[in-house]
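Protein chains in written order, with UniProt numbering: chain G, 1 to 187; chain U, 1 to 187.
What follows is a set of notes on a single structure, which appears directly below.
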DNA sequence: CTGTGAAGCTAATGCCATTAGCTTCTCTCG
DNA sequence: CGAGAGAAGCTAATGGCATTAGCTTCACAG
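Structural data, given as structure tokens:
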């Protein structure tokens with residue numbers, strides 16, 4: 001029998017993610033996680049090596065969540081439809097969880113803990129561009145351009161960086177069209 | 001006569017900016033600024049209200065610096081030449097000062113301290129697009145798209161977010177061309 | 001020559017992460 | 001059934017940091 005109220009690394013990350021969603025990255029503190037999980041702060045070290053590591057695991061959780069969400073969004077679609085769906089899904093995720101998105105480091109690829117999760121997310125983007133007949137570095141460039149657009153827009157919107165939210169839907173539609181035209185123009 | 005070794009708010013921000021450049025935002029601590037300015041930590045409060053305020057002032061400094069740099073870059077140019085110069089200047093600034101760029105909040109527009117500096121920077125972008133005959137909200141959208149691209153690329157590059165730096169120049173050139181084509185297509 | 005205000009200092013508080021070392025509980029194996 | 005080992009939790013202690021309070025000093029103005 002597994003004990004009932006036992007804390008696990010997963011539960012610690014759950015609590016941490018909730019804190020990030022509610023109060024942003026600055027709100028993620030071991031003291032707060034301890035309170036929320038009903039445990040003394042030093043006890044957390046039985047499940048997590050440090051605050052830094054906990055932050056990394058939260059990042060993994062978010063990256064995996066995004067990957068799942070985006071995969072669902074593009075399943076069964078291809079070409080412009082798939083790209084459009086992916087871009088809308090990306091924005092929708094960030095609008096729904098703005099603080100969470102701001103907490104994910106932009107450079108997960110070289111991180112020991114987050115590397116795999118980051119690469120999987122990139123894979124989804126890369127795969128979505130299949131069918132455009134891009135070869136070698138062309139595909140890499142196209143993926144990068146896509147990432148620049150979705151991340152650029154999302155990170156600004158997540159932090160309220162556009163003045164008024166007036167017409168943001170239009171701006172995003174224009175970005176999507178710009179990207180699709182660009183893909184087409186290079187074929 | 002003004003005393004020689006007197007600390008001033010400006011000197012405090014100087015030291016803070018150096019710390020950010022060297023060790024990133026996390027490295028910006030009042031204790032470190034105190035050491036670097038040769039003063040006891042509490043003495044800083046004679047010049048700065050809090051660590052948060054100091055961070056905001058560092059942000060202002062960077063925004064002003066960027067504005068100056070970009071203004072120089074586009075002076076005397078117009079149309080595609082001006083846009084290209086602005087985009088290259090943006091990337092060049094961030095490559096030269098990556099940690100500094102990461103320290104600037106993405107939402108300076110609504111901040112009491114940084115609002116004016118943020119708006120001036122946006123003004124430069126907006127003005128660079130003069131001459132394309134964009135009317136009303138068209139100009140707003142075009143400015144936003146430009147910002148999305150330059151910020152998206154720069155923030156990823158600044159944190160080493162692209163896998164290898166292979167071919168990043170090409171990727172950026174493609175983004176510039178994409179944006180220019182987009183501007184042209186809408187005229 | 002004096003006194004006032006700014007700039008600096010030391011002492012103290014409180015929050016947080018992290019470490020050390022002890023206790024307790026649970027499951028496994030004899 | 002009965003240890004005993006290992007995991008998970010706890011309290012106490014340390015050290016870094018921001019911030020506040022209240023004192024001292026010093027340059028300058030009158």
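Quick reminder that beta carbons are idealized off the backbone N, C-alpha and C, glycines included.
Remember, it's a predicted structure, so these values are computed and weren't measured experimentally.
Proximity test, Cβ basis, 9 Å: residue i and chain G
i	result
residue 126 (chain U)	no
residue 185 (chain U)	yes
residue 134 (chain U)	no
residue 141 (chain U)	yes
residue 95 (chain U)	no
residue 151 (chain U)	yes
residue 13 (chain U)	no
residue 2 (chain U)	Because residue 2 (chain U) sits at a pLDDT of 48, beneath the cut-off of 50, its placement in the model cannot be relied upon, and the point is left open.
Neighbourhood of residue i by C-beta, 6 Å cutoff - its chain only, sequence neighbours within 5 removed
i	result
residue 170 (chain U)	none
residue 28 (chain U)	16, 19 and 20
residue 132 (chain U)	183
residue 104 (chain U)	59 and 62
Beta-carbon proximity list for residue i, same chain, < 8 Å, skipping 5 on both sides
i	result
residue 143 (chain U)	122, 125, 126 and 129
residue 15 (chain U)	33, 36 and 37
residue 83 (chain U)	128, 129, 146, 176, 179, 180 and 183
residue 113 (chain U)	53, 56, 57, 59 and 60
residue 39 (chain U)	7
CB contact check: residue i to chain U, cutoff 9 Å
i	result
residue 159 (chain G)	yes
residue 182 (chain G)	yes
residue 50 (chain G)	no
residue 145 (chain G)	yes
residue 43 (chain G)	no
residue 33 (chain G)	no
residue 39 (chain G)	no
Terminal residues of the alpha helix (DSSP H) in which residue i lies
i	result
residue 11 (chain G)	9-23
residue 121 (chain G)	115-128
residue 93 (chain G)	79-96
residue 146 (chain U)	137-158
residue 32 (chain G)	30-37
residue 52 (chain G)	51-74
residue 185 (chain U)	168-185
7 Å CB neighbourhood of residue i in its chain, flanking five on each side removed
i	result
residue 31 (chain G)	41
residue 99 (chain U)	20, 21 and 24
residue 158 (chain U)	94, 98, 101 and 102
residue 5 (chain U)	none
residue 154 (chain U)	90, 91, 94 and 101
residue 47 (chain G)	7, 8, 9 and 12
residue 172 (chain G)	91 and 153
residue 109 (chain U)	115, 118 and 119
Proximity test, residue i beta-carbon vs the ligand FAD heavy atom, cut-off 8 Å
i	result
residue 140 (chain G)	Inclusion of the ligand FAD in the displayed structure is not the case, the ligand content being empty and no account of it being possible.
message: Along the region 97-113 of chain U, where does the CB come closer than 9 Å to a CB of chain G? Name the residues.
response: Cβ proximity to chain G below 9 Å picks out 102, 105, 106, 107, 108, 109 and 110 from the region 97-113 of chain U.
Next item on the list: Taking a Cβ distance cut-off of 7 Å, strictly less, list which residues of the region 153-180 of chain U are near chain G, in chain order.
Entry: Residues passing the 7 Å Cβ filter: 153, 155, 156, 159, 160, 161, 162, 163, 167, 170, 171, 174, 175 and 178.
- Taking a cut of 7 Å between CB atoms, which residues from the region 15-28 of chain G lie near chain U? Residues of the region 15-28 of chain G with a Cβ closer than 7 Å to any Cβ of chain U: none.
ask   = What residues in the region 57-89 of chain U have a beta carbon less than 7 Å from any beta carbon of chain G?
value = For the region 57-89 of chain U, the beta-carbon criterion of a distance under 7 Å to any beta-carbon of chain G is satisfied by none of its residues.
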